[in-house]
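Here the structure comes first, spelled out in structure tokens, and everything after it is commentary.
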């Protein structure tokens with residue numbers, strides 16, 4: 001917190017404290033403040049080397065000058081070597097830089113102190129007019145002129161001449177930094193940012209900070225929370241009254257199986273897609289922050305899991321309680337809490353699957369194709385539409401990795417065991433719940449074995465998801 005306050009003060013962001021960054025739809029900080037916030041996130045790790053890619057783009061002259069002056073002041077005070085790309089700065093910004101490198105067509109036209117740039121170009125025959133911005137003049141010299149083939153050829157020749165002249169000038173000076181650069185380039189040594197000694201935060205501090213940020217973002221998103229809760233309550237009323245007050249006769253057997261299957265499916269489907277959208281929007285931010293060694297992948301992954309799970313439980317519990325009591329499933333405290341535990345375990349597996357998909361695929365569009373497809377397959381092999389024992393061996397293996405099947409099996413055993421059913425005279429039907437369990441092939445594992453298998457599937461999804469996320473967030477390689 002002390003480091004954050006220091007950076008806020010250094011970048012003069014006190015007025016924007018506790019303000020949302022905003023986007024195209026939500027109003028937030030100004031453009032200049034947004035740029036300074038981006039710089040501040042990099043400064044939090046107290047870097048020795050700072051790269052800034054066009055930090056003044058889209059800003060007015062005053063805001064641009066403020067950003068550059070603040071960056072220079074902080075760099076000098078903290079001993080940070082700062083490299084900045086910039087296009088057409090005004091004269092005051094240009095003179096703020098200690099050194100400048102001018103590039104055109106991939107070649108160096110000038111590299112050296114800013115104060116000697118005008119003198120250098122004057123000496124080679126390109127004198128900057130007195131009242132013209134030196135930066136604009138240099139850019140005009142290096143820019144290709146596409147107005148005609150003749151002007152293009154002439155400008156290319158000029159750029160080549162400028163680059164050749166500087167190469168000769170640099171060679172004559174025997175620039176040590178240039179020689180060092182060439183030596184390093186010839187070595188071709190590949191280094192990763194993991195090879196550098198980067199100071200680490202305490203893991204629990206990282207986790208608590210990220211979790212606090214996640215909770216703050218979700219609690220601020222009132223439409224999301226309200227929408228999920230309203231949907232949960234609406235579906236509870238709809239399904240509950242659709243199967244209102246189940247009896248103990250032959251037709252109620254099919255209805256009980258149907259409502260239990262819907263309960264399992266609802267623990268998986270509704271919450272996955274909205275949270276997947278949130279995860280994708282935050283994953284790209286994580287990759288950027290990870291490249292600066294702001295935090296570990298484990299702290300990010302665990303914070304997401306421990307934030308999404310309570311949200312899923314809170315939103316889904318309205319559905320479970322409503323359906324359970326309105327449809328009049330077995331009124332027994334033990335069975336109710338076992339059913340609730342199964343419901344939560346299914347939700348847990350769904351959240352872990354969400355994190356797996358979000359980490360494994362590159363874009364949200366691909367994620368929105370894969371996630372529903374996998375969930376649909378799970379639904380088909382969930383144990384209601386086809387008896388597990390009758391599925392062809394070519395596809396029967398799917399049920400062993402299907403959380404819906406384990407959840408459905410657990411709920412059916414929990415609900416039907418001990419029930420007796422009345423049949424009309426001359427009607428053939430199941431006499432008790434045990435017959436239903438055996439007929440539908442959902443008694444292979446006990447309730448607690450099914451719950452354990454659910455947790456194991458969730459753990460596998462979490463581990464694989466973490467591996468994918470670590471690969472996605474792997475720091476880029478640096479060639480020296």
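Numbering (full-length UniProt numbering), first residue to last: 1 to 480.
Quick reminder that beta carbons are idealized off the backbone N, C-alpha and C, glycines included.
Two segments are said to touch when three or more pairs of C-beta atoms, one from each, lie closer than 8 angstroms; by this definition the segment 344-358 touches the segment 400-410.
Residue nearest to residue 232 within the set 164, 318 and 264 is 318 (criterion: CA-CA distance). Fewer than three pairs of CB atoms, one per stretch, sit closer than 8 angstroms, so the segment 362-373 makes no contact with the segment 330-343.
Annotation for residue 81: the continuous beta strand (DSSP E) segment containing it runs 81-85. Here DSSP, grouped into helix, strand and coil, assigns residue 110 to strand. Judged by DSSP in its simplified three-state form, residue 282 adopts helix. Taking the C-beta atoms as reference points, residue 159 is found nearer than 8 angstroms to residue 142. Taking a contact to require three or more Cβ pairs closer than 8 angstroms, the segment 312-327 and the segment 211-222 do not qualify as touching. A straight-line Cα-Cα distance of about 14 angstroms links residue 367 and residue 269.
Under the DSSP assignment, residue 99 falls in the beta strand (DSSP E) whose first and last residues are 99-104. With distances taken between CA atoms, residue 8 lies nearest to 42 out of 42, 28 and 22. By the C-beta density criterion, residue 48 is exposed, having fewer than 16 other C-beta atoms within 10 angstroms.
When only Cα atoms are considered, residue 271 and residue 278 end up about 11 angstroms apart. Taken atom to atom, the span from the alpha-carbon of residue 120 to that of residue 16 is near 43 angstroms. Around the beta-carbon of residue 439, fewer than 16 other beta-carbon atoms lie within 10 Å, marking it exposed.
A distance below 6 angstroms between beta-carbons, with the five flanking residues on each side excluded, links residue 259 to the following residues of its chain, in chain order: 243 and 327. Annotation: residue 210 to residue 299 spans about 8 angstroms, alpha carbon to alpha carbon. A direct Cα-to-Cα measurement between residue 376 and residue 52 gives close to 45 angstroms.
When DSSP states are grouped into helix, strand and coil, residue 127 belongs to the coil group. When the five nearest sequence neighbours on each side are left out, the beta carbons in the same chain lying within less than 7 angstroms of the beta carbon of residue 207 are those of 299, 302 and 303, in order along the chain. Counting of Cβ neighbours within 10 angstroms places residue 163 among the buried residues, the total reaching 16 or more. The C-alpha of residue 408 is placed about 10 angstroms away from the C-alpha of residue 451.
Around the CB of residue 333, fewer than 16 other CB atoms lie within 10 Å, so the residue is classed as exposed. Rounded to whole angstroms, the gap between the alpha carbons of residue 166 and residue 108 is 7 angstroms.
Here the segment 246-263 lies against the segment 408-428, with 3 or more beta-carbon pairs under 8 angstroms apart. For residue 51, there is no enclosing alpha helix (DSSP H); the enclosing beta strand (DSSP E) has its first and last residue at 49-53. Beta-bridge partners assigned by DSSP to residue 422: 249. Judged by DSSP in its simplified three-state form, residue 402 adopts coil rather than helix or strand. Scanning the segment 310-362 from its first residue to its last, the whole alpha helix (DSSP H) runs of 4-plus residues come out as 333-360.
Cβ-Cβ distances below 8 angstroms link residue 273 to 368, 371 and 372 in the same chain, with the five nearest sequence neighbours on each side left out; the list follows chain order. Rounded to whole angstroms, residue 58 and residue 357 show a C-alpha spacing of 35 angstroms.
Counting only residues of its own chain and dropping the five nearest sequence neighbours on each side, residue 39 has a CB closer than 7 angstroms to the CB of 11, 52, 55 and 71. Ranked by Cα distance from residue 168, the first of 151, 124 and 153 is 124. Looking at the DSSP output, residue 432 sits in a beta bridge with 420.
Taking the CA atoms as reference points, residue 87 sits about 35 angstroms from residue 297. Excluding five sequence positions before and after residue 416, the CB atoms of its chain that fall closer than 6 angstroms to its own CB belong to 433, 436 and 437, given in chain order.
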